[in-house]
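Peer 1: I'd like to ask you about the structure that follows.
2 protein chains.
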Amino acid sequence: MGVTKTEVFTTEQNRIADLAKAFAHPARVAILQYLVATKACVCGDLVDVLPLSQATVSQHLKELSRIGIIKGNVQPPRVCYCINEPVWEEARATFGDLLASFTQNTCC
Amino acid sequence: MGVTKTEVFTTEQNRIADLAKAFAHPARVAILQYLVATKACVCGDLVDVLPLSQATVSQHLKELSRIGIIKGNVQPPRVCYCINEPVWEEARATFGDLLASFTQNTCC
DNA sequence: ATTAATCATCGCAATATTGCGATTAACCAA
DNA sequence: TTGGTTAATCGCAATATTGCGATGATTAAT
Chain A
1 MGVTKTEVFT
11 TEQNRIADLA
21 KAFAHPARVA
31 ILQYLVATKA
41 CVCGDLVDVL
51 PLSQATVSQH
61 LKELSRIGII
71 KGNVQPPRVC
81 YCINEPVWEE
91 ARATFGDLLA
101 SFTQNTCC
Chain W
1 MGVTKTEVFT
11 TEQNRIADLA
21 KAFAHPARVA
31 ILQYLVATKA
41 CVCGDLVDVL
51 PLSQATVSQH
61 LKELSRIGII
71 KGNVQPPRVC
81 YCINEPVWEE
91 ARATFGDLLA
101 SFTQNTCC
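These protein sequences, in sequence, are chains A and W.
Per the UniProt record's numbering, the first sequence starts with residue 1, numbered consecutively.
Per the UniProt record's numbering, the second sequence starts with residue 1, numbered consecutively.
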């Protein structure tokens with residue numbers, strides 16, 4: 001019904017899914033790549049860089065903030081965003097472990 | 001409008017987003033974890049393992065197949081699935097590189 | 001106080017996703 | 001041929017996501 005049955009999965013599985021959502025849209029990938037490249041807090045630039053409206057960019061930033069992989073600090077009238085290092089590290093460790101956990105199929 | 005503007009992003013960004021979608025739902029995470037753990041082709045077991053209906057599981061398997069991260073080989077009346085190693089390796093390299101590309105913020 | 005700049009939020013529309021029951025298709029065995 | 005088994009697909013319903021224009025809120029500057 002368009003509603004994910006989160007309660008029947010483990011906390012870990014739900015967290016992995018949430019972290020993956022940060023990368024599951026090209027606009028969010030572009031945002032994260034830009035923040036990684038600048039290595040610093042970015043203010044209004046993102047709207048100029050992305051081929052999307054200000055409202056849409058703001059929404060993607062909100063979603064990334066919800067996941068925690070970026071953080072915004074208010075410097076009115078600007079809000080500056082940058083990579084939130086602990087969560088980025090969490091993602092690195094999580095996907096690193098998960099993707100390293102497969103070695104080789106014993107069948108086909 | 002619920003429709004991602006894929007054409008305004010790079011092929012790489014779209015591919016990253018697609019690979020991330022494989023992990024962006026707890027049911028698909030559970031499926032992949034199970035296939036990794038068994039290291040082999042799994043036939044009907046998945047429906048028994050997951051707390052979802054056969055139709056729903058089949059749909060997630062279809063999505064994972066579309067992305068290419070799993071492959072199914074038909075052994076009627078069964079269809080057996082396993083990790084598709086080249087694409088799994090692609091994901092490992094892609095997210096490995098991407099997540100390693102961030103070092104440290106020079107600001108906050 | 002007024003204006004300009006910046007960003008969040010609202011409201012809307014359209015498409016996508018998730019989920020399941022029921023059906024269909026394909027195949028094997030008896 | 002007739003069942004039985006398995007999995008894909010159909011059809012439907014409900015929620016989620018994506019996108020944008022317009023509006024609002026906030027603050028600095030004039």
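Note that beta-carbon positions come from the ideal geometry of N, C-alpha and C, so glycine has one too.
From Gly96 (chain A) to Phe102 (chain W), what distance separates their C-alpha atoms?
Peer 2: Cα to Cα, the separation comes out at about 14 Å.
Peer 1: Take Thr106 (chain A) as the anchor and find which of W:Lys39, W:Gly44, W:Thr106 has the nearest alpha-carbon.
Peer 2: Ranking W:Lys39, W:Gly44, W:Thr106 by Cα distance to Thr106 (chain A) puts W:Lys39 first.
Peer 1: Establish whether the CB of Pro51 (chain W) and some CB of chain A are separated by less than 8 Å.
Peer 2: Taking Cβ atoms only, chain A reaches closer than 8 Å to Pro51 (chain W), which makes this a yes.
Peer 1: Counting Cβ pairs, one atom from each stretch, are 3 or more of them under 8 Å apart for the segment 24-44 of chain A and the segment 36-51 of chain W?
Peer 2: Contact between the segment 24-44 of chain A and the segment 36-51 of chain W is absent, because fewer than three Cβ pairs lie under 8 Å.
Peer 1: In three-state terms, what does DSSP make of Lys71 (chain A)?
Peer 2: The answer is strand: DSSP assigns Lys71 (chain A) an E or B state.
Peer 1: Less than 8 Å separating the beta-carbons of Gln13 (chain A) and Val29 (chain W)?
Peer 2: Yes, Cβ-Cβ distance for Gln13 (chain A) and Val29 (chain W) is below 8 Å.
Peer 1: Report yes if the CB atom of Cys108 (chain A) is closer than 8 Å to the CB atom of Cys80 (chain A), and no otherwise.
Peer 2: Contact: no.
Peer 1: Which first and last residues belong to the beta strand (DSSP E) in which Val79 (chain A) is found?
Peer 2: From DSSP, the beta strand (DSSP E) with Val79 (chain A) extends over 78-83.
Peer 1: What's the C-alpha gap between Leu19 (chain A) and Ala22 (chain W)?
Peer 2: Going by the C-alpha atoms only, they are around 12 Å apart.
Peer 1: Note down, in chain order, each residue of its chain lying with its Cβ closer than 7 Å to the Cβ of Leu64 (chain W), except the 5 sequence neighbours on either side.
Peer 2: Ala22, Arg28, Ile31, Ile70.
Peer 1: Is it right to say Ala100 (chain W) is buried, meaning 16 or more other beta carbons lie within 10 angstroms of its own, or is it exposed?
Peer 2: That one is exposed.
Peer 1: Closer than 8 Å by C-beta to Gln75 (chain A): which residues in its own chain qualify, once you throw out the five before and the five after it? Chain order, please.
Peer 2: Taken in chain order, the residues that qualify are Cys43.
Peer 1: Tell whether a beta-carbon distance below 8 Å holds between Ala17 (chain A) and Pro26 (chain W).
Peer 2: Contact flag set, yes.
Peer 1: In whole angstroms, what is the alpha-carbon distance linking Ile67 (chain W) and Arg15 (chain W)?
Peer 2: Rounded to whole angstroms, Ile67 (chain W) to Arg15 (chain W) spans 9 Å at the Cα level.
Peer 1: Measuring straight from C-alpha to C-alpha, what distance separates Ala93 (chain A) and Leu35 (chain A)?
Peer 2: Their backbone Cα atoms lie some 19 Å apart in a straight line.
Peer 1: I want to verify the contact list: residues of chain W whose CB lies under 8 Å from the CB of Leu99 (chain A), in sequence order.
Peer 2: Trp88, Ala91, Arg92, Phe95, Gly96, listed in chain order.
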